[in-house]
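In this note's numbering, the protein residues as written are 40 to 247.
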């Protein structure tokens, strides 16, 4: 018996999101022989994965357990019980996932989920990337915030904070790497386009 339909919807959305990520990693490995940064070549990236991967797993598992009524068993409680708010979280999560699919398609073969010093991919400045430097990270943050709204358990909030901090840190690490790898091409883009929120509705049209 389903105890929480919003929690089940979140579990399915998060499961679909990360299943798609794994498919992209596999596709990249078949095409290039690289794992698209799933397990980074550099040591700091690998160390961060030991914290991030368990958080991602719990991001899927906690809503699933809540959906099937395991909240008391886990000693968890909801911080609020507002069905309309929980369903709003579900709608936001679905929209974030749909928009991420567009970003993945736009990235194409340049998509990576980490830094690989041995690779130099083509920069993408069009589509969503004309407005935000890290639209996938921004949407992943939105998906997590929506999950926290729809499944307002303390454990979910802790996982959310870990994920959001990781994305902030990873975005900054990637930017330093990309400036080093691509020089002024990326440096100009970095100065003119917001990290997670657009600075201009006009979009980026290359170096002035």
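Ideal Cβ placement from N, Cα and C applies to all residues, glycine included. Just so you know, these numbers come straight off a predicted model, no measurement behind them.
Residue i (DSSP reduced to helix, strand or coil)
| i | result |
| --- | --- |
| residue 219 | helix |
| residue 199 | helix |
| residue 171 | strand |
| residue 241 | coil |
Residue nearest to residue i in terms of C-alpha spacing, selected from the options
| i | options | result |
| --- | --- | --- |
| residue 54 | 88, 103, 146 | 103 |
| residue 178 | 202, 231, 124, 158 | 202 |
| residue 228 | 172, 105, 235 | 172 |
| residue 183 | 168, 193, 199 | 199 |
| residue 108 | 41, 150, 130, 191 | 41 |
| residue 127 | 153, 85, 164, 190 | 190 |
| residue 150 | 43, 242, 60, 47 | 60 |
| residue 64 | 121, 152, 185, 84 | 152 |
| residue 234 | 197, 193, 164 | 164 |
Same chain, Cβ closer than 6 Å to residue i, neighbours up to 5 away in sequence not counted
| i | result |
| --- | --- |
| residue 257 | In the structure displayed, the chain extends from 40 to 247; residue 257 sits before or after that span and is not available. |
| residue 56 | 136 |
| residue 232 | 172, 243 |
Own chain partners of residue i with C-beta closer than 8 Å, once the 5 adjacent residues on each side are dropped
| i | result |
| --- | --- |
| residue 204 | none |
| residue 167 | 138, 141, 142, 145, 174 |
Contacting residues, own chain, Cβ-Cβ under 7 Å from residue i (five flanking each side not counted)
| i | result |
| --- | --- |
| residue 158 | 73 |
| residue 52 | 132, 133, 136 |
| residue 206 | 176, 179, 180 |
| residue 84 | 153, 154 |
| residue 106 | 41, 42, 43, 46, 47, 50 |
Legend entry - Contact the stretch 215–229 vs the stretch 123–142: 3+ CB pairs below 8 Å: In this structure the stretch 215–229 does not lie against the stretch 123–142, because fewer than three pairs of beta carbons, one per stretch, are closer than 8 Å.
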